[in-house]
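Novice: Every letter in the sequence shown is one number past the one before it in my numbering, and letter 248, counting from 1, is 1513.
Before I ask anything, here is the structure I am working with.
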Amino acid sequence: MPITVRPLSYALGAEIQGVDLSQTLSNSEFDQIHRTFLEKGILLFRKQKITREQHIAFSRRFGELDRHDSLPRDRHPDYPELLLVTNIPEEDGKESASKYTGQQWHSDMSFTLEPSLGSLLRGITIPSVGGDTMFTNMYMAYDALSDGMKKMIEPLHGIHTGRRKVLDPNTAREREQSAINPPIAQPLVRVHPETGRKALYVGDKVSCIVDMTPEESKPLLDYLVRHATRPQFVYRHQWQQDDIVMWDNRCTMHIALGDYPEGEIRHLERTTVKGTPSGYYLQ
Ligand code: SIN
1266 MPITVRPLSY ALGAEIQGVD LSQTLSNSEF DQIHRTFLEK GILLFRKQKI
1316 TREQHIAFSR RFGELDRHDS LPRDRHPDYP ELLLVTNIPE EDGKESASKY
1366 TGQQWHSDMS FTLEPSLGSL LRGITIPSVG GDTMFTNMYM AYDALSDGMK
1416 KMIEPLHGIH TGRRKVLDPN TAREREQSAI NPPIAQPLVR VHPETGRKAL
1466 YVGDKVSCIV DMTPEESKPL LDYLVRHATR PQFVYRHQWQ QDDIVMWDNR
1516 CTMHIALGDY PEGEIRHLER TTVKGTPSGY YLQ
């Protein structure tokens, strides 16, 4: 069956039809998918009834996989390449450590020195309504800034942490995250290593700008996130069971909306492809 490509929105994303990810793709099929990934930033594959091993094998075509040492609580106990994004309670009945994963605008692993190239999220159990994920195009966000703003932010670095702003920072998880992942400075503007295009690199996990006070940083960071998430740059994904959504973390940001009925299960599993080194530790 030939591969067909259907745009998902004006700003970004494409559905790839005519592939079965339980099978090994030929090099030419993979090349077409890879080209579309670089062009569109997000790929959707529907109706993919695949195993964990097949999810991992397809993801490896894009590069080395992260074993999630920086997020040890959230990885699958038998498959360190899989990150659980689930609200299924722990065996002792405690709330799942990953219930709130992704509920702020971010780019995966920005709080490490090897921010992710891309992530592949598989929808396994989807609520009856909602549980959506929104994505935004950070090339478009950068391009739409004025020349003056581009010049001002180009040399600046944001301080990225693994902390979640939406939750109580004193939970055991948050304490563990801060200990494993000290703050890291990342440029506010990154050059995509494959396309050569500039993209904004900000998000809700950026706490401050290097060499500025929190008071000075906050208005600029708030503006940049608000600007980057303007509706015209965004695609909202409504999950179906057996969807695989892949995104390019170097030119997109995403947020899990948490917009589903309490008591319903939302269970997804993610592989994370390692990217090129970026950023530096703060003293
Ligand atoms: C993530 O940020 O990787 C998870 C996104 C989601 O749960 O929709």
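Even for Gly, the Cβ is constructed at its ideal location relative to N, Cα and C.
Here the structure is a predicted model, which is why all the values come from computation and not from measurement.
1. Does the distance from the C-beta atom of isoleucine 1418 to that of valine 1454 stay below 8 Å?
2. Go ahead and pull the three-state DSSP assignment for glycine 1468.
3. If you draw a straight line from the alpha carbon of proline 1484 to that of valine 1471, how long is it in whole angstroms?
4. With respect to 7 Å, is the separation between the Cβ of threonine 1494 and the closest non-hydrogen atom of the ligand SIN below this value?
5. State the beta-bridge partners of glycine 1383 as determined by DSSP.
6. Go through the residues and name those whose CB comes closer than 5 Å to any heavy atom of the ligand SIN, in chain order.
7. Going by beta carbon distance, what residues of the same chain come within less than 7 Å of phenylalanine 1498, once the five residues before and after it are set aside?
8. By DSSP, does lysine 1463 sit in helix, in strand, or in coil?
9. Nearest-angstrom Cα distance between leucine 1290 and lysine 1539?
10. Can you give me the start and stop residues for the beta strand (DSSP E) that glutamate 1280 sits inside?
11. Mind checking threonine 1478: buried by the 16 CB within 10 Å criterion, or exposed?
12. Can you name, in chain order, every residue of its own chain whose Cβ lies under 7 Å from the Cβ of tyrosine 1525, other than the five neighbours on each side?
13. Around the Cβ of proline 1448, are there at least 16 other Cβ atoms within 10 angstroms (buried) or fewer (exposed)?
14. Which residues in the same chain as glutamate 1346 place their Cβ atom closer than 7 Å to its Cβ, once the five residues preceding and following it in sequence are excluded?
15. Just checking, does the region 1379 to 1391 make contact with the region 1501 to 1508 on the three C-beta pairs under 8 Å criterion?
16. If you reduce the DSSP assignment to three classes, tell me which class glycine 1388 lands in.
17. With which residues is alanine 1437 paired in a DSSP beta bridge?
18. Among the residues of its own chain, which have a CB less than 6 Å from the CB of phenylalanine 1323, if the five just before and after it don't count?
19. Whole alpha helix (DSSP H) runs in the region 1307 to 1331 with 4 or more residues, listed along the chain?
20. Look at the alpha carbon of glutamine 1561 and the alpha carbon of glycine 1523, and state the distance between them as a whole number of angstroms.
21. Can the beta-carbon of leucine 1308 be found closer than 8 Å to that of isoleucine 1298?
Specialist: This is what the structure holds:
1. Along the sequence shown, one-based indexing puts residue 1418 at 153. Along the sequence shown, one-based indexing puts residue 1454 at 189. Between isoleucine 1418 and valine 1454, the C-beta spacing is below 8 Å.
2. For the purposes of this step, residue 1468 is identified with residue 203 of the sequence shown, where counting begins at 1. DSSP places glycine 1468 in the coil class of the three-state scheme, outside both helix and strand.
3. Along the sequence shown, read from residue 1 onward, the residue named residue 1484 stands at position 219. Along the sequence shown, read from residue 1 onward, the residue named residue 1471 stands at position 206. The straight-line gap from Cα to Cα measures roughly 12 Å.
4. Here residue 1494 is taken as the residue at index 229 of the sequence shown, counted from 1. No, the Cβ of threonine 1494 stays beyond 7 Å of every heavy atom of the ligand SIN.
5. For this step, residue 1383 is matched to residue 118 along the sequence shown. In DSSP, glycine 1383 forms a bridge with Asp1513, Val1538.
6. Spelled out in chain order, the answer is Val1350, Gly1367, Thr1398, Ala1521.
7. The residue you call residue 1498 lines up with position 233 of the sequence shown. Scanning its chain for C-beta atoms nearer than 7 Å, with the 5 sequence neighbours on each side dropped, one finds around phenylalanine 1498 the residues Ala1276, Thr1401, Asn1402, Met1405, Ala1406, in chain order.
8. By 1-based counting over the sequence shown, the position of residue 1463 is 198. Note: lysine 1463 maps to strand in three-state DSSP.
9. On the sequence shown, position 25 is the one that residue 1290 refers to. On the sequence shown, position 274 is the one that residue 1539 refers to. Leucine 1290 and lysine 1539: Cα-Cα distance of roughly 21 Å.
10. Taking the first residue of the sequence shown as 1, we reach residue 1280 at position 15. Annotation: the continuous beta strand (DSSP E) that includes glutamate 1280 extends over 1279 to 1282.
11. Within the sequence shown, numbered from 1, the residue matching residue 1478 stands at position 213. Exposed, by the Cβ-count rule.
12. Along the sequence shown, one-based indexing puts residue 1525 at 260. For tyrosine 1525, same chain residues with a beta-carbon under 7 Å away, outside a window of 5 residues either side, are Pro1392, Val1394, Gly1395, Gly1396, Arg1531 in chain order.
13. Locating residue 1448 in the sequence shown gives position 183, where the first residue counts as 1. By the C-beta density criterion, proline 1448 is buried, having at least 16 other C-beta atoms within 10 angstroms.
14. Mapped onto the sequence shown, residue 1346 falls at position 81. Spatial neighbours of glutamate 1346 in its own chain (CB-CB distance under 7 Å, excluding positions within 5 residues in sequence) are listed in chain order as Ile1321, Leu1330, Arg1332, Thr1536.
15. These segments touch.
16. To locate residue 1388, count along the sequence shown from 1; it is residue 123. Strand.
17. For the purposes of this step, residue 1437 is taken as the residue at position 172 of the sequence shown. By DSSP's assignment, alanine 1437 forms no beta bridge with any residue.
18. Counting from 1 along the sequence shown, the entry for residue 1323 is found at position 58. Contacts found: Leu1286.
19. Runs of the alpha helix (DSSP H) lying entirely within the region 1307 to 1331 and spanning at least 4 residues, in chain order: 1317 to 1325.
20. Any property of residue 1561 remains undetermined from this structure, which presents the chain solely from 1266 to 1548.
21. Start at 1 with the first residue of the sequence shown, and residue 1308 comes out as number 43. Start at 1 with the first residue of the sequence shown, and residue 1298 comes out as number 33. Closer than 8 Å, so yes.
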